[in-house]
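Student: For reference, the structure I am asking about is given below.
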Amino acid sequence: MKMVMAVIKPHKLDDVREALTGVGVAGLTAGEVKGFGRQRGHTEIYRGAEYTVSFVPKVKIEVVVADNQIEAAVEAIQKSAQSGQIGDGKIFVYDIASAVRIRTGETGDSAL
Amino acid sequence: MKMVMAVIKPHKLDDVREALTGVGVAGLTAGEVKGFGRQRGHTEIYRGAEYTVSFVPKVKIEVVVADNQIEAAVEAIQKSAQSGQIGDGKIFVYDIASAVRIRTGETGDSAL
Amino acid sequence: MKMVMAVIKPHKLDDVREALTGVGVAGLTAGEVKGFGRQRGHTEIYRGAEYTVSFVPKVKIEVVVADNQIEAAVEAIQKSAQSGQIGDGKIFVYDIASAVRIRTGETGDSAL
Amino acid sequence: MLRARTIGLGIGALTLFTAAPAMAAEINSGDTAWIIVATALVLFMTLPGLALFYAGLVRAGSVLSVIMQCVMIACIASVLWMVVGYSLAFGDSVGGWIGGLDKMFFEGVGTDSVNGTIPEIVFAMFQMTFAIITPALIVGAYPERMKFSAILVFSAAWLLLVYAPVAHWVWGGGWMAAMGVRDFAGGIVVHATAGVSALMLAKMLGPRKDFPNHLRPPHNPGMTATGAAMLWVGWFGFNGGSQLAADGGAGMAIAVTHISAATAAITWSVIEWVKFGKPSLVGAVTGVIAGLATITPASGFVGPIGALIIGAAAGVICFYLVGLVKNRFKIDDSLDVFAVHGVGGILGTLLLAPLAAVSLGGGGQADGVSMMDQLGVQALCVAIVIVWSLAVSYVIIKVTQGLFGLRVDPEDENTGLDLPSHGERGYEL
Amino acid sequence: MLRARTIGLGIGALTLFTAAPAMAAEINSGDTAWIIVATALVLFMTLPGLALFYAGLVRAGSVLSVIMQCVMIACIASVLWMVVGYSLAFGDSVGGWIGGLDKMFFEGVGTDSVNGTIPEIVFAMFQMTFAIITPALIVGAYPERMKFSAILVFSAAWLLLVYAPVAHWVWGGGWMAAMGVRDFAGGIVVHATAGVSALMLAKMLGPRKDFPNHLRPPHNPGMTATGAAMLWVGWFGFNGGSQLAADGGAGMAIAVTHISAATAAITWSVIEWVKFGKPSLVGAVTGVIAGLATITPASGFVGPIGALIIGAAAGVICFYLVGLVKNRFKIDDSLDVFAVHGVGGILGTLLLAPLAAVSLGGGGQADGVSMMDQLGVQALCVAIVIVWSLAVSYVIIKVTQGLFGLRVDPEDENTGLDLPSHGERGYEL
Amino acid sequence: MLRARTIGLGIGALTLFTAAPAMAAEINSGDTAWIIVATALVLFMTLPGLALFYAGLVRAGSVLSVIMQCVMIACIASVLWMVVGYSLAFGDSVGGWIGGLDKMFFEGVGTDSVNGTIPEIVFAMFQMTFAIITPALIVGAYPERMKFSAILVFSAAWLLLVYAPVAHWVWGGGWMAAMGVRDFAGGIVVHATAGVSALMLAKMLGPRKDFPNHLRPPHNPGMTATGAAMLWVGWFGFNGGSQLAADGGAGMAIAVTHISAATAAITWSVIEWVKFGKPSLVGAVTGVIAGLATITPASGFVGPIGALIIGAAAGVICFYLVGLVKNRFKIDDSLDVFAVHGVGGILGTLLLAPLAAVSLGGGGQADGVSMMDQLGVQALCVAIVIVWSLAVSYVIIKVTQGLFGLRVDPEDENTGLDLPSHGERGYEL
Ligand SMILES: Nc1ncnc2c1ncn2[C@@H]1O[C@H](COP(=O)(O)OP(=O)(O)O)[C@@H](O)[C@H]1O
Ligand SMILES: Nc1ncnc2c1ncn2[C@@H]1O[C@H](COP(=O)(O)OP(=O)(O)O)[C@@H](O)[C@H]1O
Ligand SMILES: Nc1ncnc2c1ncn2[C@@H]1O[C@H](COP(=O)(O)OP(=O)(O)O)[C@@H](O)[C@H]1O
């Protein structure tokens, strides 16, 4: 079982969700984050002065998938989140030792 | 050392926190997220039309525990977060290579 | 490749970001969380009564770095986030199996 | 002085004329201008004032439900008032008990009907805004757990069965007016009726799931303070407008209203500062509302020094009542309608008798009435209105419960009412 | 009665005198007090009322852009009105088609010029607030995608080329006034012009990227409800102030205004309850606005029962029009300016003819005019104004497009307009 | 014309009579209606207007502390004004320097006392709302870092030692009034006093920790714009009410007030657009406030064209002063009280002399006074008031510092003041 964690542009969330369900992923968790990277922040105006804001709004997605789904999932995210412009974000993958479905207590891949 | 990450229903947060302190866990970190899974979203009304909102509000908890606490922690979360209804959420466990307490620089289990 | 995840005091975010770029880290992702730990919550007043709020606002940072950067990154965070007072937070490190830059499809360290 | 004094008897006195055939009095454009604006100000008190005041105090997941309750109660009360409520309160009195049906659908209230020195339609609209805010005050008793259908049915019935009769007794030329009861702008008619009914409803409905230990703090105290400020400003219309004229009496009414609000807020904050080491914003603005509710019945009778005393009393007594209701009575009158409005209204109704003293800058007692006599009348009337409100509310709630049930699904209570009851969420930031 | 009737003909009639040399009439301080306050109330409708009403309905990333559009349109309309707009609308008529340039820069409108019973400067300012809100209403057609520069140019041109002439025809002693058209507070002049122009602009601009399937729900319905409540309160000044006097006619105008708003909100909520199983807050307050827009032209002519009918009609018809425009016409008039304001204004303009009937509590038809005659005049005038508004708007939009382009960069549309267009973000919590 | 001119001299002139024994004048109900409403409008400016305007500009963690400061200053100023402030400002003059103690606790200000054509109690309440907003303006100098106790002590002392004497000199029949200084609604009395005192306090208190480089942008510009809109609407009461009558003079005052606000906002936005490529909402509404503050002293003396000039000057000069104070003086007058209010008030006080010219539509100079004479008087008086305000503020701040200390714990400054100072949090979404 693996965790696929991705940081994407906020307005891509629905596309990514659809792409993931398209490859058979049944669930995911998303949250709002602020990103810092190559895509520099922006300037904001406040009473006659400009201020630099370093962070850009991003959405972070976490999807746990069975080992055999991992490539499909990563590809689905990469394709659907891509706009080709700087700041499209990253995908990180890491191992999950175990999973439990709270409602039923099921574990392993069947918990997903 | 292991990370226990759980996605739960928002109003269960206090119960989970109490259950975890009950089994000796000293700290945890929580954040608001939106979940997508078997529990489908809901419809919202807007000026004479219904719109489907796919994501459901959830809370994500992250707790790092010593290896010998892991079973107790998972069980505590599973019990306290369960309502028996769809959408109760998931628990994922993965390895943590090292931990540092920022204040003191302590590392390992004593950093928790 | 390793993930460095840290929970810090909110007003330290800019210091930490600067410290990390100082050691060559090119990107990071931050989000608002609520922490529970040794630093107990606070009491709030509401119409003649006091209520205890257990959680303290914190910021969580996630930085993926190449294996050879890991020590520098952890040290940079620890130094810059430290105020010496309870509640300064934690740093957790764990393995990342792979990384992808969404824009280009690059993988491995060059995706960071 | 003469004019101010005469009218200083308040709506109670004035509306005696209302019931009588229109006098030859002429419309005064200045008085009319003021009462039209006062009408707008009192509407502003409910929407958005009270709605924001209450909505900021609940959890984020129920913010819209509270606003929606205020909006819909306002709409229903408006239509009911026009259809029959105004007539029940201010129509030709049937033996002092209730108004007749002669003014249903504002029958006979044309552009040329007169009440005192203003058009009767302006008087009827001014009164409508009181009929809007009074049932809306009760919203504070039941947020986050009561069915929307039950709320609407309760509010409509309550308006016609509790509010309209009491308004008739005190302001519509009814038997309490005949006894000489003094209630300038609604200590009895508005605050006592709403406050004790709220207590009854909160008791019968039962507490929120987490009451009293795991309550969540207000989700948006800035919203609450915004609403409180709007209530404060609007209250100039509520109390100052009850003079039904733009004169020194109206000026004095807004002066004492303002002073009482400020004094009560200071008092409440000092108590918190002593008790908890710091004063809170929600506390300060709750003090403001307590001071406003308490001066309401007295605002046409007392002077600036009386207002200082009323404000200080409001701050202390309402503060302690909030704790008493929650911790001793264990009633989840969630936003303290009884402790703030009910207690405030009753307190002011009683205090106005001694504080009307000329030596304190007040307007004095009515001709030939001693202070103790007046106090007796005040106490008797307020007691009867309390009993009436409790009894009738009890019956309405029981019937509503039988027909619709009172509480929402427990799972919906967990989520907050916005989504399950109204299909919306408060914040999508 | 006499006075109320005469003035009950509305601004249309009154301003016939305005154009004429100042009469010997004296200023009445009560009337003046009311119209100064009404002016403040109508300004309050736009800022912050309408700004909040609209801003709550968009995504969080565009909240400030909507407020900014309302603020800047208000500023530009104010200056333009003073410089030339007032003169075009209310200056000496050039053959009934347009006002002359004699009142540019408020020339001759000093502290002692009189209009009816109020100072002309007060009348000019009251009218200025109408000139502010009318182009601001159109903001609802184009949020989240239109260039700020194009918005300002369109709004300025529209004010002078659509609004000012129509205001002259109907209220400034122009040819429609001469025909006896009735438009008490702006069904034709305000709501029809803005509503149909909004539809044209929305059509030419094209829909938001996600229209109609992936729309995000309103980011802050509580903000929208707050704005709606302010619009409601402010509308007392809009309709009641259009009487230009503090009398029974003004009182009746606020009465019918209020009743229509309440009735329309109830109607809209009942439809939603039946259709979706629950009524929403945004629905209820949209009903309020529909009821207010629809009663506007009629508010000096109908009585309380007419107001009930108008409110119910507004609730039903505007509800269905919202769906029709979106789903059938596929036009992204994003915040439903046409369906709510345009349709409401047209509907009220027509309904006022039958509902002015004395038997329904209305003020009756003008002397010697039959109901069918009046209806014919109303229909003709509203039709001509629709055609005029569509045609002139079309030209203005085409020119603006040629000069500046209409739409922002698609990437900026994704982010929301606050950062790219104004260098700010709405919430940093 | 006659009446408007006489009263056009502003409160300064009128209140000369106040100090004298009540004249035989009769109360005018229209004037009274307007001034009661103006009182409500000016209260509305502070609560919630100014509170929201300021609260939106700070970080989310201090939003409530700013609102709380405005609320408590309002409460304390209200009580102090009634107890002694009104008497110090408007009591029998002691040699032109200060009012006597004869009107303490509103002694002798009953329902039948008259001031001009309105009840004196209405005048006293109208003035009270000025005494509320003036110290509240200074809140913008010290947010996010000053101790709540020190704030309250400073504000109370400042009201009695700076504001009340200056109000007496200019409006209470004091020596500046005798010199013929013109300050219609408070350029000297309100804005200059508050503005320069704010600068002194900001300097002595020291900057926020992150000043000037790491400042966080406003946490909620929509809240700031809402507050600004309320200030704008309320300012109709501030300036229009200062006429103390509902007449053409009041109408002209609101006209020029409105035009100046709109013009200044456009000017500010154009500068930003040129300089940064886009105009911001906070910038636009800051321009609105600058335009309002600057026209304030002039609003009874200039005409529409003068208002255009004042608005444009306000936009340009206040814009550059904001930068100057921050970057050159390095003073953290956090929300720009000096640059916007202080500079605006001083500017308007000087500009009113030339712009009162009849050729520009103004009311002309006082009889027998040349423009240069008037300008000299204006400059002298404003200079003296600046020196007085700086000196007395310095002493008050030093004493407060000695007694309580001025700054909060640095750790609390990190968190934001809501939790440490008031035990609450602004948003729990
Ligand atoms: N090393 C990293 N660790 C964690 N998150 C990162 C890292 N680098 C980038 N990110 C996240 O990815 C986002 C996009 O990265 P950026 O460098 O701006 O663009 P791109 O991915 O197109 O090169 C950042 O805003 C940040 O949230
Ligand atoms: N594969 C997954 N990866 C990450 N999070 C998931 C995954 N599946 C579900 N979740 C999270 O768990 C929540 C509950 O899952 P759901 O399928 O709705 O109910 P249940 O756990 O009862 O089967 C989801 O809302 C989502 O936040
Ligand atoms: N075991 C844990 N797992 C996850 N997060 C933790 C854990 N312990 C503490 N934290 C996070 O670190 C924060 C600081 O911890 P705390 O115990 O208060 O102070 P300190 O780190 O100085 O000992 C907490 O608020 C919480 O967010």
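Protein chains in written order, with our numbering: chain A, 195 to 306; chain B, 195 to 306; chain C, 195 to 306; chain D, 6 to 434; chain E, 6 to 434; chain F, 6 to 434. Cβ atoms here follow ideal geometry from the backbone N, Cα and C, with glycine treated the same way.
Please give me, in chain order, every unbroken run of the alpha helix (DSSP H) with length at least 4 that falls completely inside the segment 197-277 of chain F.
Tutor: Runs of the alpha helix (DSSP H) inside the segment 197-277 of chain F: 198-210, 226-240.
Student: In three-state terms, what does DSSP make of residue 167(D)?
Tutor: It is helical.
Student: Just to confirm the assignment, what range does the alpha helix (DSSP H) spanning residue 49(D) have?
Tutor: Start and end: 34-49.
Student: Counting C-beta neighbours from all protein chains within 10 Å, is the total for residue 208(D) 16 or more, i.e. buried, or is it exposed?
Tutor: It counts as buried.
Student: With a cut-off of 7 Å, give the chain-ordered residues whose Cβ is closer than this to any heavy atom of ligand 2.
Tutor: Checking every Cβ against the heavy atoms of ligand 2 under 7 Å gives 219(A), 220(A), 221(A), 222(A), 223(A), 256(A), 257(A), 258(A), 259(A), 295(A), 296(A), 297(A), 306(A), 201(B), 227(B), 229(B), 230(B), 231(B), 232(B), 233(B), 250(B), 252(B), 280(B), 281(B), 282(B), 283(B), 284(B).
Student: How is the beta strand (DSSP E) around residue 202(A) delimited, first residue to last?
Tutor: Taken as a continuous stretch (DSSP letters only), the beta strand (DSSP E) holding residue 202(A) covers 196-202.
Student: Residues in its own chain within less than 6 Å of residue 351(F) by CB, not counting five upstream and five downstream?
Tutor: Result list for residue 351(F): 197, 387, in chain order.
Student: Who are the neighbours of residue 341(F) on chain E, taking C-beta pairs under 7 Å?
Tutor: Those do not exist, as residue 341(F) stays about 16 Å from chain E at its closest Cβ, beyond 7 Å.
Student: Buried or exposed: which applies to residue 219(F), given that a residue is buried once 16 or more other Cβ atoms fall within 10 Å of its Cβ?
Tutor: Exposed, by the Cβ-count rule.
Student: So, with DSSP's three-state summary, where would you put residue 269(A)?
Tutor: Residue 269(A): helix per DSSP, three-state reduction.
Student: Should residue 144(D) be flagged as near chain C, meaning a C-beta pair shorter than 9 Å?
Tutor: Taking Cβ atoms only, chain C never reaches closer than 9 Å to residue 144(D), which makes this a no.
Student: Under a Cβ-count criterion, where at least 16 other Cβ atoms within 10 Å of its own Cβ denotes burial, should residue 212(A) be classed as buried or exposed?
Tutor: So residue 212(A) counts as exposed.
Student: Could you tell me which of 36(E), 38(E), 42(E) sits nearest to residue 242(E), measuring between CA atoms?
Tutor: The option with the nearest alpha carbon to residue 242(E) is 42(E).
Student: Do the CB positions of residue 72(E) and residue 57(E) come within less than 9 Å of each other?
Tutor: Their beta carbons are under 9 Å apart, which means residue 72(E) touches residue 57(E) by this criterion.
Student: Go ahead and label residue 187(F) buried or exposed: buried means 16 or more other beta carbons lie within 10 angstroms of its beta carbon, across all protein chains shown.
Tutor: Buried.
Student: Can you round the beta-carbon distance between residue 227(C) and residue 253(C) to whole angstroms, since I take them to be within the 8 Å contact cut?
Tutor: Their Cβ separation, rounded to whole angstroms, is 7 Å, which keeps residue 227(C) and residue 253(C) in contact under 8 Å.
Student: Is residue 189(D) closer than 9 Å to residue 484(D) when the C-beta atoms are compared?
Tutor: As shown, chain D starts at 6 and ends at 434. That puts residue 484(D) outside it, with no answer to give.
Student: Quick check on residue 172(F): buried or exposed, where buried means 16 or more other Cβ atoms within 10 Å of its Cβ?
Tutor: Label assigned to residue 172(F): buried.
Student: In chain order, what residues of the same chain lie with their CB nearer than 6 Å to the CB of residue 204(D), ignoring the 5 residues before and after it?
Tutor: Here the set comprises 338, 343.
Student: Hey, is the segment 124-144 of chain D in contact with the segment 374-386 of chain D, meaning 3+ C-beta pairs nearer than 8 Å?
Tutor: Segments in contact, no.
Student: Which same chain residues, not among the five before or five after residue 77(F), have their C-beta less than 7 Å away from its C-beta?
Tutor: Excluding sequence neighbours, residue 77(F) sits near 157.
Student: Does DSSP put residue 424(F) in a helix, in a strand, or in coil?
Tutor: Three-state result, residue 424(F): helix.
Student: Nearest to residue 144(F) by CA position, among 294(F), 317(F), 60(F), is which residue?
Tutor: Here the closest residue by C-alpha is 60(F).
Student: Who are the near neighbours of residue 347(F) in its chain, counting only those whose CB is closer than 8 Å to its CB and skipping five residues on each side?
Tutor: Same-chain partners within the cutoff: 196, 197, 199, 200, 201, 203, 204.
Student: In chain B, what lies closer than 7 Å to residue 275(C) by C-beta?
Tutor: The contacting residues are 296.
Student: Please list the terminal residues of the continuous beta strand (DSSP E) segment that includes residue 284(C).
Tutor: Note, residue 284(C): beta strand (DSSP E), 284-289.
Student: Would you list, in chain order, the members of the segment 35-56 of chain E that have their beta-carbon closer than 9 Å to a beta-carbon of chain F?
Tutor: Residues 35, 36, 37, 38, 39, 40, 41, 42, 44, 45, 46, 48, 49, 51, 52, 53, 54, 56.
Student: Rounded C-beta distance between residue 320(F) and residue 273(F)? I'm assuming under 8 Å.
Tutor: Yes, residue 320(F) and residue 273(F) are in contact; Cβ-Cβ is about 5 Å, under 8 Å.
Student: Residue 169(E) and residue 48(E) - do their beta-carbons sit closer together than 9 Å?
Tutor: No, they are not a contact pair.
Student: Taking C-beta pairs closer than 8 Å, name the residues in chain B that residue 282(C) reaches, listed in chain order.
Tutor: Ordered by position in chain B, the residues that pass the 8 Å Cβ test against residue 282(C) are 295, 296, 297.
Student: Run through DSSP, which three-state label would residue 430(D) get?
Tutor: Coil.
Student: Does any C-beta atom of chain A lie closer than 9 Å to the C-beta of residue 287(F)?
Tutor: For residue 287(F), the answer is yes, since a Cβ of chain A falls inside 9 Å of its Cβ.
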